[in-house]
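In our numbering, the protein residues as written are 12 to 333.
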């Protein structure tokens, strides 16, 4: 097991190097730079002054020279400096990562709370009316883009019914540490959590449903029924235990989203997390922030894959990682 983990971690190093080079090159290939937005917003900046700033900031260097300087700093634990926010990127991330993690954890928990019972009901009553309703919902959720669903939820519950806040992460007038502050944070989480969870349930429902349907016709289930084992025990001890194996393995990929963030939801709900920061960095050509975000997301994806393999080998004794 430990040899496998160490080998996978060593393989990640060239993958991350390649990812960083591609991300940096694509970011530098974008038209304009971080000064373009400032020049458009401030006509008093002359062309000579802009040229001096570009030279001072190193923006006139070739992309590979800038990449080498950035990689040298990264090797020393320095993610770089945000041109737009005028602060180190690690400090900028530290201000927002807790909000992204909180939103992602809420979405993950809500997804499994909704998806597991629905998947069990759909699989157990296969081809009956509960299954048809749940399957219809799954197909609808799968076919609906996240931003469309989020806008509908925002419009109905935020603007028409006015039940929940439509943006931000907390009321600006709420004092930190008070009960009112935590209630406000909870209210601001409701709409983005529901928007993300109701869409994300699709994969888990379909995986669990398919596994239950397949397990119901296997030999060990038929043998248990022939022995007179009650149907409830057949489902709890045989069918569900085997059906949860792929769901447990899929958890590793779900955890990847805890770091990657919910980019679309954060943008629609003006939620100040890493996803919203990433969109702002693209709009302002703040390429150090863009590359740092891509690197964090890529690292999370690689570790999520590794975690899925470890979970799968743990819950299924037939699988051994060497």
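Note that beta-carbon positions come from the ideal geometry of N, C-alpha and C, so glycine has one too. As the structure is a prediction and not an experimental result, all values here were calculated from the model.
Original post:
Which residues in the same chain as residue 121 place their Cβ atom closer than 6 Å to its Cβ, once the five residues preceding and following it in sequence are excluded?
Top reply: As a working note, residue 121 is residue 110 in the chain shown. If we look at residue 121 and ignore the five residues flanking it on each side, its Cβ neighbours are 204, 208.
Original post:
Looking at C-alpha atoms only, which residue of 109, 37, 92, 233 is the closest neighbour of residue 75?
Top reply: To locate residue 75, count along the chain shown from 1; it is residue 64. Among 109, 37, 92, 233, the Cα nearest to that of residue 75 belongs to 37.
Subject >> Which residues DSSP lists as bridging residue 98, in chain order >> reply: To locate residue 98, count along the chain shown from 1; it is residue 87. In the DSSP output, where bridge partners are listed per residue, residue 98 has 93.
**OP:** Give every residue of the same chain whose Cβ lies closer than 6 Å to the Cβ of residue 133, excluding the five residues on either side of it in the sequence, and list them in chain order.
**Re:** Stepping through the chain shown from its first residue, residue 133 is reached at position 122. If we look at residue 133 and ignore the five residues flanking it on each side, its Cβ neighbours are 142, 145, 220.
Subject >> Element boundaries [alpha helix (DSSP H), containing residue 177] >> reply: Locating residue 177 in the chain shown gives position 166, where the first residue counts as 1. Segment: none, residue 177 is in no alpha helix (DSSP H) and carries neither H nor E.
Original post:
Quick one, which of 16, 176, 276, 290 has its alpha-carbon nearest residue 115's?
Top reply: For the purposes of this step, residue 115 is identified with residue 104 of the chain shown, where counting begins at 1. Answer by Cα proximity: 276.
**OP:** Using the Cα positions of residue 14 and residue 105, report the straight-line distance between them to the nearest angstrom.
**Re:** As a working note, residue 14 is residue 3 in the chain shown. As a working note, residue 105 is residue 94 in the chain shown. Those two C-alpha atoms are separated by around 33 Å.
Original post:
Helix, strand or coil: how does DSSP classify residue 136 here?
Top reply: Taking the first residue of the chain shown as position 1, residue 136 is located at position 125. Correct three-state label for residue 136: coil.
Subject >> residue 188 - containing alpha helix (DSSP H), residue span >> reply: The residue given as residue 188 occupies position 177 in the chain shown. Element bounds for residue 188: n/a, residue is neither H nor E.
Subject >> Helix, strand or coil at residue 240 [DSSP, three-state] >> reply: Taking the first residue of the chain shown as 1, we reach residue 240 at position 229. Looking at residue 240 - three-state DSSP - the assignment turns out to be coil, as it is neither helix nor strand.
**OP:** Measure the CB-CB distance between residue 23 and residue 313 and report whether it falls below 7 Å.
**Re:** For this step, residue 23 is matched to residue 12 along the chain shown. For this step, residue 313 is matched to residue 302 along the chain shown. For residue 23 and residue 313, yes; Cβs fall inside 7 Å.
Original post:
For residue 156, which of 210, 274, 28 has the nearest alpha-carbon?
Top reply: The sequence position of residue 156 within the chain shown is 145, counting from 1. With distances taken between Cα atoms, residue 156 lies closest to 210.
**OP:** Taking residue 84 as part of the alpha helix (DSSP H), name the residues at either end of that continuous run.
**Re:** Reading the chain shown from its first residue, position 73 is the one you call residue 84. Segment 74 to 86, the alpha helix (DSSP H) holding residue 84.
Subject >> Length of the line joining the Cα atoms of residue 97 and residue 65 >> reply: Within the chain shown, residue 97 is the residue found at index 86, counting from 1. Within the chain shown, residue 65 is the residue found at index 54, counting from 1. Taking the straight line joining both Cα atoms gives about 15 Å.
**OP:** Could you check what DSSP says for residue 296 in three-state terms: helix, strand or coil?
**Re:** Walking along the chain shown from the start, residue 296 turns up at place 285. Three-state DSSP puts residue 296 in coil, outside helix and strand.
Original post:
How close, in whole Å, do the beta carbons of residue 90 and residue 303 come, if the pair is a contact with beta carbons under 8 Å?
Top reply: The residue you call residue 90 lines up with position 79 of the chain shown. The residue you call residue 303 lines up with position 292 of the chain shown. Confirmed, Cβ separation roughly 5 Å.
**OP:** Output the distance between the C-alpha atoms of residue 188 and residue 195, rounded to the nearest integer angstrom.
**Re:** Numbered from 1 along the chain shown, position 177 holds the residue referred to as residue 188. Numbered from 1 along the chain shown, position 184 holds the residue referred to as residue 195. Whole-angstrom Cα-Cα distance: 11 Å.
**OP:** Output yes or no for whether 7 Å exceeds the beta carbon distance between residue 177 and residue 162.
**Re:** For the purposes of this step, residue 177 is taken as residue 166 along the chain shown, with counting starting at 1. For the purposes of this step, residue 162 is taken as residue 151 along the chain shown, with counting starting at 1. It is not a contact, given that the beta carbons lie outside the stated cut-off.
**OP:** Tell me where the alpha helix (DSSP H) around residue 31 begins and ends.
**Re:** For this step, residue 31 is matched to residue 20 along the chain shown. Where residue 31 is concerned, the enclosing alpha helix (DSSP H) stretches over 13 to 40.
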